[in-house]
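Structure first, then comments.
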Amino acid sequence: MRIGAAKESYAADEALFDTAVQWRWLLAFFALLAIFPFVATPYWLFMACLVAINVASATGLNILTGYTGLVSLGQAAFMGVGAYTVAWLEINLGTPVLLNLAAGGLMAGAAGMLVGIPSLRVKGLYLAIATIAASVIFHFIFANWTSVTGGVSGLTMPPATILGLTLDEPRHLYWLIVPITVLMVTGAANLFRTRIGRAFIAIRDRDISAEVLGIRLLRFKLLSFALSSFYAGVAGGLWAYFFRVVTPESFPLVMSIFFLAAIIVGGMGSILGGILGAVFMTLVPEALKMAVNWLSPWLPDAVALLSPVRVIVFGALIIGFLLFEPQGLAEIWRRLRRQFHLWPFRT
Amino acid sequence: MTKDTKRQDARQASPARRGLRGYGTALAMAGLLGLGGASQVGSAQAAEEIVFGGSIPLTGVFAFAGEGVHAGIQDWVQIVNEAGGIEGRMLRYEPEDTAYKVDASVAAFKRITSQFQPNLYYGDSTAFSKTINPELERNGRMIMAGASFATELNDPEVFPLQFMAGPDYTEMFGILLQHIADTQPGASVAFVYSDTEFGRDPIEPGRARAEALGLEVVETIVTPPGSVDISTEVLKLRRARPDYAIFHGYVQAPIPEFISQARQMGMETRFMGTFWSMDHTVVMGMGEVAEGFMGVMPYRYYYDEAADAPMLERIREMRPEYQSTAYMQGFLTAMLMTEAVERTVAAGQDLTGPNLKAALNSIEDFDTGGIIGVPISLPGNSIPVGRIYQADIAAQKMVPVSDWIRLDETGG
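What follows is the structure, encoded as structure tokens:
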């Protein structure tokens with residue numbers, strides 16, 4: 006039983022992980038990530054890369070919505086900006102992969118700042134509608150700026166190459182996508198140990214009070230938009246390298262809803278929540294698909310009969326979370342940890 | 416302790432404990448799911464089977480088509496297997512639902528290719544076909560066709576292992592324009608299309624084809640897909656007063672609204688559609704307004720009782736209720752793929768992608784059992800053949816108003 010951790014300094018109080026056990030678990034997790042490509046099938050590697058891309062984007066949205074309290078339904082559009090930037094640079098200039106990804110992030114960040122301007126005047130649903138309008142504008146640009154975006158046919162790009170190595174399969178791309186996602190998630194976790202992160206939280210909790218405390222709302226709200234969009238842009242760039250075809254229909258509004266659902270299901274305002282939510286939203290439909298496939302030997306044509314049921318079950322699971330665990334999967338995780346720490350006592 | 420007391424105790428357990436029990440169950444289920452996946456991965460493919468994989472949209476916006484395609488492939492596989500397979504090798508159909516999403520389609524492809532070694536594959540969208548193309552070439556074991564008739568895919572250089580069981584969208588426009596030019600030389604035409612990749616696909620080449628046939632394109636109108644309020648667009652159409660208006664990039668909406676408003680304005684324009692808006696159910700679903708609605712269809716309708724269509728008779732025996740044009744597309748795709756397998760096996764070659772595609776391209780004057788009313792050839796990635804059908808609302812049928820039009824013969 007562990008009933009607490011003694012903290013003897015402010016630095017210890019602010020540490021991301023406060024016990025050696027946590028560090029050991031983290032190292033074990035990284036070891037697992039390193040071993041995974043050597044033991045997983047191409048399908049699981051594909052899913053791992055997809056999960057990592059979604060984790061990166063959901064973490065970005067969590068910075069904006071979960072930590073700063075600014076609702077956005079434009080995450081997919083910012084991913085689109087990043088994806089198009091990366092694809093254009095790769096096709097036309099052939100610049101290095103990491104530079105392209107950074108450029109994609111910066112371009113999306115700039116776009117995010119533009120879209121964030123109304124955030125000083127409007128909040129909540131109004132801001133959500135403003136971000137939807139922005140995504141429609143971005144979609145129009147993607148579909149009609151043919152000389153740059155390839156119009157409705159989009160851009161088909163060559164595979165990423167690093168030091169002469171071609172990354173054209175998930176087992177290669179894994180080594181690009183997963184480390185970048187780990188870096189981005191670590192960055193986001195550390196952000197909230199800084200003055201900027203705390204300002205975001207203050208704005209979320211009560212923006213008028215934050216302003217009274219000397220936090221310049223416009224600057225920090227725009228910064229939050231920029232950071233969130235930067236994350237989306239890099240995730241979009243990774244998406245572009247992963248699928249290698251970017252079209253205006255690659256980043257629909259429903260994808261933005263997917264990310265919003267991910268942080269709600271995972272737990273808003275929690276880095277772990279963003280991760281768990283993205284994993285849940287990506288993998289549970291696949292797990293349900295497997296469950297349907299198992300029934301094939303007993304139920305003829307189970308795939309056709311049960312596919313609509315599968316969608317209903319997935320929807321019901323999300324509703325169930327909202328009803329019974331509004332604080333998301335991260336809260337379940339915290340409760341589990343508490344249970345183990347305090348066992349055999351009740352929490 | 417009585418049973419009731421135990422139950423009461425269980426009910427009164429702390430929320431955390433109850434929660435933990437729930438998580439335990441959830442974890443156990445997740446574990447089982449994982450094991451199931453692993454056991455599936457481990458399931459060995461019978462050495463003699465020929466696997467037909469499919470990323471099929473059984474849910475989502477394109478489910479209406481996916482269900483038809485799925486049934487069509489299933490039935491053809493059953494017919495082949497009942498006849499003893501191909502040289503004794505049975506076909507095995509392995510579909511997976513994609514909800515018409517590219518990432519889910521690619522995931523399905525990865526999962527199916529991880530567990531089996533498919534030689535044939537059905538894809539559900541243009542985006543999937545484009546995305547999976549490099550993987551298809553790297554894999555080198557299969558050929559692929561799908562729900563997309565995108566002009567872009569009709570390029571054997573760029574998509575060497577793919578094909579489509581019908582004309583591409585530009586060729587569909589070519590067939591429609593050929594019919595217009597034959598029926599009313601010099602007619603004026605308007606194109607109405609959705610603001611999507613699907614909608615824009617044949618517009619520019621269609622305009623060039625119209626000019627070549629001596630037709631005048633008087634208006635092009637673009638709308639959001641599935642839009643409802645199209646009164647402004649109808650006014651544009653009224654100003655242009657074309658003899659024909661061709662809709663493309665829609666399934667149903669806003670076609671009935673367009674026709675209805677145009678009729679109310681006294682316009683005599685004849686309205687036409689392309690493949691996905693031409694299913695019997697879709698057209699009849701428009702109601703009275705669909706009377707006289709025409710369009711291009713590469714396949715015969717389910718209820719066509721032409722004497723030279725024994726395969727349709729067979730389909731009606733297998734499924735007494737109406738089967739969609741998507742069904743015909745899935746059925747014919749599977750038929751052409753197995754023909755390619757038969758030819759490859761007969762030539763004593765390995766079932767590789769390039770060999771299968773070469774065998775497919777050797778198909779010349781092939782009898783589809785009447786699904787397409789003329790013998791077909793497949794020298795490239797498409798079959799540029801179609802016929803104009805028109806809605807007869809009183810008879811509740813789509814009736815042919817032209818003979819089969821072959822663009823490879825007309826030079827279109």
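Quick mapping for you: the protein sequence lines, in order, are chains H and Z. In this text, residue positions in the first sequence follow this note's numbering: the first is 6, and each later residue adds one. In this text, residue positions in the second sequence follow this note's numbering: the first is 416, and each later residue adds one. Cβ atoms here follow ideal geometry from the backbone N, Cα and C, with glycine treated the same way.
Any chain Z beta carbon closer than 8 Å to residue i
| i | result |
| --- | --- |
| S152/H | no |
| A335/H | no |
| F364/H | Given a span of 6 to 352 for chain H in the structure shown, any question on residue 364/H remains unanswerable. |
| T166/H | no |
| E216/H | no |
| E254/H | yes |
| V316/H | yes |
Under 8 Å from the C-beta of residue i: neighbouring residues of chain H
| i | result |
| --- | --- |
| T635/Z | Those do not exist, as T635/Z stays about 14 Å from chain H at its closest Cβ, beyond 8 Å. |
| E552/Z | Near E552/Z there are no residues of chain H at all, since even the closest Cβ is about 11 Å away, more than 8 Å. |
| A542/Z | V250, T252, E254, S255 |
Chain-ordered chain Z contacts of residue i [CB-CB under 9 Å]
| i | result |
| --- | --- |
| K294/H | E511, D512, A519, A522, A523, R526 |
| Y246/H | Ordered by position in chain Z, no residue passes the 9 Å Cβ test against Y246/H, which lies about 12 Å from the chain. |
Cβ-Cβ distance between residue i and residue j below 8 Å
| i | j | result |
| --- | --- | --- |
| V157/H | A148/H | yes |
| T635/Z | E648/Z | no |
| S470/Z | A523/Z | yes |
| A63/H | T186/H | no |
| H695/Z | M587/Z | no |
| D490/Z | F746/Z | yes |
| R731/Z | M709/Z | no |
| G121/H | L227/H | yes |
| V284/H | I323/H | no |
Closer than 8 Å to chain H by CB, residue i
| i | result |
| --- | --- |
| P582/Z | no |
| D610/Z | yes |
| H485/Z | yes |
| P549/Z | yes |
| E779/Z | no |
| E482/Z | yes |
| A849/Z | The question about residue 849/Z has no answer here: the residues shown for chain Z are numbered 416 through 827. |
| R504/Z | no |
| R734/Z | no |
| R828/Z | Chain Z is shown from 416 up to 827; residue 828/Z falls before or after that span and cannot be answered. |
Contact set between residue i and chain Z, taken where Cβ atoms lie within less than 7 Å
| i | result |
| --- | --- |
| E359/H | Absent from the model: residue 359/H. The displayed extent of chain H is 6 to 352, so no value can be given. |
| S1/H | Residue 1/H lies beyond the range of chain H shown here (6 to 352); nothing can be said about it. |
| S158/H | E567, E612 |
| A148/H | D610 |
| A309/H | L473, E482, H485 |
Cα-Cα separation, residue i to residue j
| i | j | result |
| --- | --- | --- |
| R209/H | L188/H | 25 Å |
| N569/Z | E779/Z | 18 Å |
| F574/Z | K545/Z | 8 Å |
| P640/Z | Y537/Z | 25 Å |
| G155/H | T161/H | 9 Å |
| F263/H | A565/Z | 28 Å |
| W348/H | A11/H | 19 Å |
| S152/H | E95/H | 15 Å |
| Y179/H | K128/H | 38 Å |
| V484/Z | T585/Z | 22 Å |
| G110/H | V56/H | 19 Å |
| Y659/Z | L104/H | 52 Å |
| V760/Z | P533/Z | 15 Å |
| F248/H | D597/Z | 44 Å |
| G449/Z | W338/H | The predicted model places G449/Z with a pLDDT of 43, which falls under 50 and marks its position as unreliable; any figure quoted below should be read in that light. Rounded to whole angstroms, G449/Z to W338/H spans 20 Å at the Cα level. |
| S454/Z | E291/H | Legend: pLDDT at S454/Z = 40, less than 50; position of this residue unreliable, no value from coordinates given. |
| I527/Z | E509/Z | 7 Å |
Proximal chain H residues relative to residue i, where beta-carbon distance stays under 7 Å
| i | result |
| --- | --- |
| P620/Z | Per Cβ cutoff of 7 Å: no residues; P620/Z is ~13 Å from chain H at best. |
| S529/Z | T46, P47, Y48 |
| A623/Z | Within 7 Å Cβ-Cβ: nothing; A623/Z doesn't reach chain H, min ~17 Å. |
| K545/Z | T161, V250 |
| R615/Z | V157 |
Supposed contact pair residue j and residue i - C-beta distance, whole angstroms, cut 8 Å
| i | j | result |
| --- | --- | --- |
| A113/H | F235/H | 6 Å |
| L132/H | L243/H | At roughly 27 Å, the Cβ-Cβ gap does not stay under 8 Å, so L132/H and L243/H are not in contact. |
| S692/Z | Q667/Z | 7 Å |
| A724/Z | R715/Z | 6 Å |
Chain Z contact residues for residue i, given Cβ-Cβ distances below 8 Å
| i | result |
| --- | --- |
| L55/H | D518, A522 |
| D173/H | P549, R553 |
The ligand MN heavy atom lying under 7 Å from the CB of residue i
| i | result |
| --- | --- |
| V649/Z | Absence of the ligand MN is noted for the structure shown, with no ligands found whatsoever. |
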